DNA sequence: CGCTGCGTTGAAATTGCTCAATTCAAGTGG
DNA sequence: CCACTTGAATTGAGCAATTTCAACGCAGCG
């Protein structure tokens, strides 16, 4: 099933018409990307919203001194750049971490969707706000936590987000990125991330190989990370609107 | 003049009716706060949007180990928590840094405003998106820059944001916070912030006393900070919508 | 006068970084 | 099947940035 629909339905009920519209949007214009390609570069003027159907994408900024900061990981079902309506130029880039399949949703189609049903509008707003909440938590993570906590925290986040869309089985989920990319996301050096991962590994808290992450005891890892999933707003919060719609 | 109107007009034209509505919202229900009070605490269920009319506010999370991370500084004209419609519980707190005057805008009134004119809706969206852009830049700042760059960068940001709303005169603007608060925003220790400020001071790049920041040569400081104001989206980007509205 | 909050400084400890090799796994072409 | 290449993970050693701890100064204020 369309992973976007699945995600939005955690938040609100969608009518059949909504779903048809979303399904149409998700199949209208499909584009494939290789690993390590830019979907949009910094400074570009975007014309479409990108809906990720398969693969992992990251939002990042490249610095002059060669470093880079990854600001989000985007998974199937995630939408990028709902901002195209309002902010003219991209102040960051979107790049692939794996081969990726994207549905391009044009400005007009998006507008049509927003006009069609306020529930859909609300659901897309929710998407934007949750993304912002994740950014805030990353700020805490990078600003105030030790390397060990930081790594553990991000692994917990990735795990919980995938769990929410049914992509965890047997305590295992996908994690198809490199240690360098993890370091770029955490504001750490790749070397130190490596050592930190070893520490988590020898403690038996994680087992990460073949692009797959296993967390035998999520509670334990969450404790190390001081992880509290509230900020992901994963609990179903939509009932309150059913009456109104 | 209402600082929110001033800010939104950087982005879009507002009709007289819009302005009346905004003016009404900004005067309906005024609340005063002392320094170091919470406007909303983490975990609370907010019912109003807060429009800051005077004073400085910060968005922060308190950690179990006593540390805290400040995630935004909010200045007069800034709106907090446009998210009340969608996210039930606050995943962070809003606290005052100075005495503060706030206009409380109820959910209903906000809804009325959004219904009244799509331009206003768009303008408020823009506010949300720019806030997100600032969060992203903070991530880069904390994740990848040295202490010197970090401090300089934040000072530049504060300066530019105030300049955009006419609050810079003679290369001086307000900065009514403590070094500890600056440290909490930057993910540094207060001691190190102190030393870093000294470094900037002896280089003649800044002069900060009596809650006032002077930057004699903004270019020079921006260079030290590797500061590029693009992410603030301060340039007038609204013309493109005039036709449509 | 004696708090109290804030800024300042020194010295030692720690964390995480850089540099430089080395290993390992998975292709790829001959 | 083997030599070669490549990208990623791993490790050690020395170093640099930042934190922590502990004092001290200073101004405002009851």
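Residue numbers (this note's numbering), protein chains in the order written: chain G, 1 to 245; chain L, 246 to 490.
In this text, a Cβ means the ideal position worked out from N, Cα and C, and glycines have one as well.
Keep in mind that this is a model prediction, so the values were computed, not measured.
Problem set entry | Local Cβ density within 10 Å of residue 105(G), reported as buried at 16 or more and exposed below that | Classification for residue 105(G): buried.
For this session: Compute the distance between the beta-carbons of residue 295(L) and residue 325(L), then report whether it is under 7 Å.
Result: The Cβ-Cβ distance between residue 295(L) and residue 325(L) falls below 7 Å.
Exercise. Closest by CA to residue 402(L), which one among 384(L), 474(L), 322(L), 361(L)?
Worked result: Checked all of 384(L), 474(L), 322(L), 361(L); the closest Cα to residue 402(L) is 474(L).
Problem set entry | Pairwise C-alpha distance: residue 172(G) and residue 9(G) | Rounded to whole angstroms, residue 9(G) to residue 172(G) spans 24 Å at the Cα level.
Exercise. Are residue 275(L) and residue 348(L) close, meaning C-beta to C-beta below 7 Å?
Worked result: Residue 275(L) is a Cβ neighbour of residue 348(L), given a cutoff of 7 Å.
For this session: Could you run through the stretch 321-347 of chain L and flag, in chain order, every residue whose CB is less than 9 Å away from some CB of chain G?
Result: Under the 9 Å Cβ criterion, the stretch 321-347 of chain L contributes 327, 328, 330, 331, 332, 333, 334, 336, 337.
Exercise. Going along chain L, which residues have a C-beta under 9 Å from residue 251(G)?
Worked result: There is simply no residue 251(G) to check, as chain G begins at 1 and stops at 245 in what is shown.
Exercise. Unbroken alpha helix (DSSP H) runs of length 4 or more, entirely within the stretch 318-364 of chain L: which are they?
Worked result: The alpha helix (DSSP H) runs lying completely inside the stretch 318-364 of chain L and spanning 4 residues or more are 352-361, given in chain order.
For this session: Please specify which runs of the alpha helix (DSSP H), each continuous and at least 4 residues long, are wholly inside the stretch 131-203 of chain G, giving them in chain order.
Result: Counting whole runs of 4 or more residues, the stretch 131-203 of chain G contains the alpha helix (DSSP H) stretches 147-164, 179-186, 190-202.
Problem set entry | Cβ-based neighbour list, residue 135(G), same chain, cut-off 8 Å, excluding 5 preceding and 5 following | Contacts found: 71, 72.
Problem set entry | Proximal chain L residues relative to residue 143(G), where beta-carbon distance stays under 7 Å | Neighbours of residue 143(G) across chain L, judged by C-beta separation under 7 Å: 314, 387, 432.
Exercise. Is the shortest distance between the beta-carbon of residue 159(G) and the beta-carbons of chain L less than 7 Å?
Worked result: Not flagged as an interface residue toward chain L: residue 159(G), since no C-beta distance is shorter than 7 Å.
For this session: Could you check if residue 490(L) is buried or exposed, using at least 16 other CB atoms within 10 Å of its CB as the buried criterion?
Result: In this prediction, residue 490(L) has a pLDDT of 38, which is less than 50 and means its spatial position is unreliable; nothing more can be read from the coordinates.
For this session: Drop a sphere of 10 angstroms on the beta-carbon of residue 311(L), count the other beta-carbons inside from all chains shown, and report buried for 16 or more, exposed for fewer.
Result: Exposed is the call here.
Problem set entry | For residue 298(L), the three-state DSSP class (helix, strand or coil) | Three-state DSSP puts residue 298(L) in a strand.
For this session: Compile a chain-ordered list of the residues in the stretch 174-204 of chain G whose CB is closer than 7 Å to at least one CB of chain L.
Result: Cβ contacts with chain L come from 187.
Problem set entry | Listed by chain order, chain G residues near residue 412(L) by CB distance under 9 Å | For residue 412(L), there are no C-beta contacts with chain G under 9 Å, since the nearest C-beta of that chain is about 23 Å from it.
Problem set entry | DSSP-derived helix/strand/coil call for residue 62(G) | If DSSP states are grouped into helix, strand and coil, residue 62(G) belongs with the strands.
For this session: Count the other CB atoms, across all protein chains shown, that sit within 10 Å of the CB of residue 235(G); report buried if there are 16 or more and exposed otherwise.
Result: So residue 235(G) ends up on the exposed side.
Problem set entry | For residue 212(G), the three-state DSSP class (helix, strand or coil) | Reduced to three states, the DSSP call for residue 212(G) is strand.
For this session: With DSSP collapsed to three states, give me the class of residue 38(G).
Result: It is a strand residue.
Exercise. If you drop the 5 nearest sequence neighbours on each side, which residues of the same chain put their C-beta closer than 8 Å to that of residue 251(L)?
Worked result: 322, 410, 411, listed in sequence order.
Exercise. What residues match up with residue 206(G) in a beta bridge as DSSP calls it?
Worked result: In DSSP, residue 206(G) forms no bridge with anything.
For this session: With a cut-off of 8 Å on the beta carbons, I'd call residue 133(G) and residue 224(G) a contact; round off their distance for me.
Result: The Cβ separation is near 22 Å, so there is no contact.
Exercise. Mapping DSSP to helix, strand and coil, what is residue 255(L)?
Worked result: Note: residue 255(L) maps to coil in three-state DSSP.
Exercise. Between which two residues does the alpha helix (DSSP H) harbouring residue 261(L) extend?
Worked result: Annotation for residue 261(L): the continuous alpha helix (DSSP H) segment containing it runs 261-273.
Exercise. Can you list the residues of chain G that residue 378(L) reaches, using a CB-CB cut of under 9 Å?
Worked result: Within 9 Å Cβ-Cβ: 83, 87, 91, 92.
For this session: Answer with buried or exposed for residue 3(G), where buried requires no fewer than 16 other C-beta atoms within 10 angstroms of its C-beta.
Result: With at least 16 other beta carbons inside 10 angstroms of its own, residue 3(G) counts as buried.
Problem set entry | Contacting residues, own chain, Cβ-Cβ under 6 Å from residue 137(G) (five flanking each side not counted) | Here the set comprises 231.
Exercise. Closer than 7 Å, CB to CB, is residue 306(L) near chain G or not?
Worked result: Residue 306(L) counts as touching chain G.
For this session: Use the C-beta contact count for residue 549(L): other C-beta atoms within 10 angstroms, 16 or more gives buried, fewer gives exposed.
Result: With chain L running from 246 to 490 in the structure shown, residue 549(L) is simply not present.
Exercise. What in chain L is Cβ-close to residue 129(G), meaning under 7 Å?
Worked result: Neighbours of residue 129(G) on chain L, chain order: 328, 331, 332.
Exercise. What's the gap between the Cα of residue 434(L) and the Cα of residue 142(G)?
Worked result: Each residue's alpha carbon lies about 14 Å from the other.
Exercise. Within the 7 Å Cβ cut-off, does residue 234(G) reach chain L?
Worked result: Answer no: the Cβ-Cβ gap between residue 234(G) and chain L never drops below 7 Å.
Exercise. If you measure from the beta carbon of residue 301(L) to each beta carbon in chain G, is any gap under 7 Å?
Worked result: So, not an interface residue.
Exercise. Whose CA, out of 375(L), 331(L), 344(L), lies closest to the CA of residue 356(L)?
Worked result: The residue with the shortest Cα to Cα distance from residue 356(L) is 331(L).
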